[in-house]
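Numbering (the numbering used here), first residue to last: 928 to 1405. Here is the structure we will look at, set down as structure tokens.
In structure tokens, the structure reads:
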């Protein structure tokens, strides 16, 4: 939509093609981009493409050539609402009712939707509680949340609408709002955080909160000393209930998604299923094998610096290793179990590379992976011969080699190869000129992968497709 809006504003007729169920989201996006009457046509989700094209071409050409109406000629500049204070004045009971208000959303089939919360009860942000929360930072209450430094910004996947440059305000999508430190403190109170957690919350706000691509939720890893200072859980039940720091920080993302991003599904958010509660969890740097760097060091910070790393997606998309814990132990100790038989090491004591057992990383997908790895498994890889995380990343990169005949069966490359009419970067040739046995890497580079060592207990491995090293200093917000 921003690209179409730029074309239209410089006089290039533009029409967007959307699905019928996206009309409300489209209207909101057009309004935010200053073109409230932007034209669009609707394609079908079910009619075959070549037939549907014939159906919509007349409508599309008409929309491109029909003279603009006075309403369509009008241009508007969307201005987010000012950063007014939002604390409720009244009794605690009245405040509770105020913050737990709902509204009926017609495009959600008249389902109620919370106006200020994530749908759960909240801790009411009284004046006194917000003042107490603000003791967790040296930044003044009326300060606008801005990017604190350009450190490692070249590796950040800065969300649309933000520059990522030091000193520039953070814009919360889709409504392009900004926020003050006090507003973030209000949300931190609602989520149940303590002042000691507040620097982490502010770093989360600097990252865009839960407003990244508009679908809400996500995951964050806290790397550095502050994780232990605020009592985060490093052990079993890492993502489960019970630990106040892990759960309260996870909830902050949900409340930012609603209150700062202004998200309403089917109105300005076209996410299909949505995702579960955001997860915020710590890295256990003390359990890293010798020579393995922590996330803060991998992101060019120092070992004693506290950093928030945005994983960028919900951990509900994780996949687990397909082995029983007891079998894994036997595989590593004495070379028994089906794992050993698959790898041809039956009867040979460990250590063994368990990554060789996992098939299908790039069978129907591409890119890198984020591994949530227990310390015991990380040490097995170290003992096997991977003396650094980089060595594991290189191994995964080399393992991702597949022939072009297989790669063509994947879905996503249809888009980023320009329907196979673009140039393959390594050979410099058109994709369609390459032979079927041409070898490509389904993983674009070694650093497309990420390993986070944390947790404890039985020998399980979890991973999710995609990785991120979008790192934000927590110490800058103390």
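Positions of the beta carbon are idealized from the N, C-alpha and C atoms, including for glycine. As the structure is a prediction and not an experimental result, all values here were calculated from the model.
With a threshold of 7 Å on Cβ separation, who are the neighbours of residue 957 within its own chain once the five nearest residues in sequence on each side are excluded? Cβ within range, chain order: 928, 963 and 965.
Skipping 5 residues on each side, what residues in its chain have a beta carbon closer than 6 Å to that of residue 932? Cβ-Cβ distances below 6 Å link residue 932 to 960 and 962 in the same chain, with the five nearest sequence neighbours on each side left out; the list follows chain order.
Closest by C-alpha distance to residue 1033, when choosing among 1054, 987 and 951: When each option's Cα is compared against that of residue 1033, the closest is 951.
Where the beta strand (DSSP E) containing residue 1391 begins and where it ends: From DSSP, the beta strand (DSSP E) with residue 1391 extends over 1388-1392.
Residue closest to residue 1062, alpha-carbon to alpha-carbon, out of 1023, 1074, 1115 and 1075: Of 1023, 1074, 1115 and 1075, the residue nearest in Cα terms is 1115.
Report the rounded CA-to-CA distance for residue 1313 versus residue 1378, giving the unit in angstroms. Approximately 13 Å between the Cα atoms of the pair.
Can you round the beta-carbon distance between residue 1406 and residue 1188 to whole angstroms, since I take them to be within the 8 Å contact cut? Absent from the structure is residue 1406, since the part of the chain shown begins at 928 and ends at 1405.
I need the straight-line Cα distance from residue 1089 to residue 1398, nearest angstrom please. Residue 1089 and residue 1398: Cα-Cα distance of roughly 15 Å.
Complete beta strand (DSSP E) runs within the segment 1113-1156 (minimum length 3 residues, chain order): Listed in chain order, they are 1146-1150.
How is residue 879 classed by DSSP in three states: helix, strand or coil? With the chain covering only 928 through 1405, there is no way to say anything about residue 879.
Measuring straight from C-alpha to C-alpha, what distance separates residue 1042 and residue 1237? Cα to Cα, residue 1042 sits roughly 26 Å from residue 1237.
If I follow the unbroken alpha helix (DSSP H) through residue 952, where does it start and stop? Element bounds for residue 952: 950-959.
Cβ neighbour criterion (16 or more within 10 Å) applied to residue 1130: Label assigned to residue 1130: buried.
Where do the ends of the alpha helix (DSSP H) carrying residue 977 lie? Following the DSSP letters along the chain, one finds residue 977 inside the alpha helix (DSSP H) bounded by residues 976-992.
Residue 1247, DSSP secondary structure in three states: It is a strand residue.
Does the count of Cβ pairs from the segment 1336-1351 and the segment 1263-1272 closer than 8 Å reach three? By the Cβ rule, the segment 1336-1351 does not count as touching the segment 1263-1272, because fewer than three pairs are nearer than 8 Å.
Starting from residue 1020, trace the alpha helix (DSSP H) in both directions and tell me its first and last residue. It spans 1019-1026 - the alpha helix (DSSP H) in which residue 1020 sits, taken as one unbroken run.
Under 9 Å, do residue 1214 and residue 1380 count as touching if we go by C-beta distance? Yes, Cβ-Cβ distance for residue 1214 and residue 1380 is below 9 Å.
Here's a check: name, in chain order, each residue in its chain whose Cβ is nearer than 6 Å to the Cβ of residue 1223, leaving out the five neighbours to either side. These residues qualify, in order along the chain: 1150, 1151, 1232 and 1234.
Using alpha carbons as the reference points, say which of 1334, 1348 and 1304 lies closest to residue 1387. Residue 1304 is the option with its Cα nearest to residue 1387.
Between which two residues does the alpha helix (DSSP H) carrying residue 1212 extend? Counting along the chain, residue 1212 falls outside any alpha helix (DSSP H), and DSSP gives it neither H nor E.
Relative to the alpha-carbon of residue 1391, which residue among 1279, 1375 and 1060 has its alpha-carbon at the smallest distance? Considering only alpha carbons, the answer is 1375.
Sorted by chain position, which residues of the same chain lie with C-beta nearer than 7 Å to residue 969's C-beta, five sequence neighbours on each side aside? Answer for residue 969: 945, 946 and 947, listed in chain order.
Please name the residue, chosen from 1153, 1197 and 1218, that lies closest to residue 1406 on a Cα-to-Cα basis. Residue 1406 falls outside the range modelled here, since the chain spans only 928 to 1405, and no answer is possible.
From residue 1019 to residue 1055, what does the alpha carbon distance come to, in whole angstroms? The alpha-carbon atoms of residue 1019 and residue 1055 are separated by roughly 12 Å.
Would you list, in sequence order, the uninterrupted alpha helix (DSSP H) runs of no fewer than 4 residues that lie entirely inside the segment 1292-1354? Assignment of alpha helix (DSSP H) within the segment 1292-1354, counting only whole runs of 4 or more residues, yields 1302-1311, 1316-1326, 1331-1334 and 1340-1343 in chain order.
Which stretch, first to last residue, makes up the alpha helix (DSSP H) that contains residue 1377? From DSSP, residue 1377 is part of no alpha helix (DSSP H) but of the beta strand (DSSP E) over 1377-1380.
Please report the straight-line C-alpha distance between residue 1255 and residue 1163, rounded to a whole angstrom. Take the alpha-carbon of residue 1255 and the one of residue 1163: they are about 18 Å apart.
With 16 as the cutoff for other CB atoms within 10 Å, does residue 1211 come out buried or exposed? Buried, by the Cβ-count rule.
Taking residue 1328 and residue 1368 to be in contact with their CB atoms under 8 Å, please state how far apart those CB atoms are, rounded to whole angstroms. Going by Cβ atoms, the distance from residue 1328 to residue 1368 rounds to 6 Å, so yes, they are a contact pair.
In the DSSP assignment, find the unbroken alpha helix (DSSP H) run with residue 1057 in it and report its ends. Unbroken alpha helix (DSSP H) run through residue 1057: 1054-1060.
Starting from the C-beta of residue 1309, find all residues in its chain whose C-beta is less than 6 Å away, skip the five residues before and the five after it, and write them out in chain order. Excluding positions up to five away in sequence, the list reads 1216.
Residue from 1053, 949 and 1094 with nearest C-alpha to residue 1070: Taking only the C-alpha atoms, the option nearest residue 1070 is 1094.
Are there 16 or more other CB atoms within 10 angstroms of the CB of residue 1259, so buried, or fewer, so exposed? Looking at its Cβ environment, which holds 16 or more other Cβ atoms inside 10 Å, residue 1259 is buried.
What did DSSP end up calling residue 1403 once you bin it into helix, strand or coil? Looking at residue 1403 - three-state DSSP - the assignment turns out to be helix.
Residue 955 burial status per 10 Å Cβ neighbour count (16 or more: buried): Residue environment: residue 955 is assigned as buried (16 or more neighbouring CB atoms within 10 Å of its CB, all protein chains considered).
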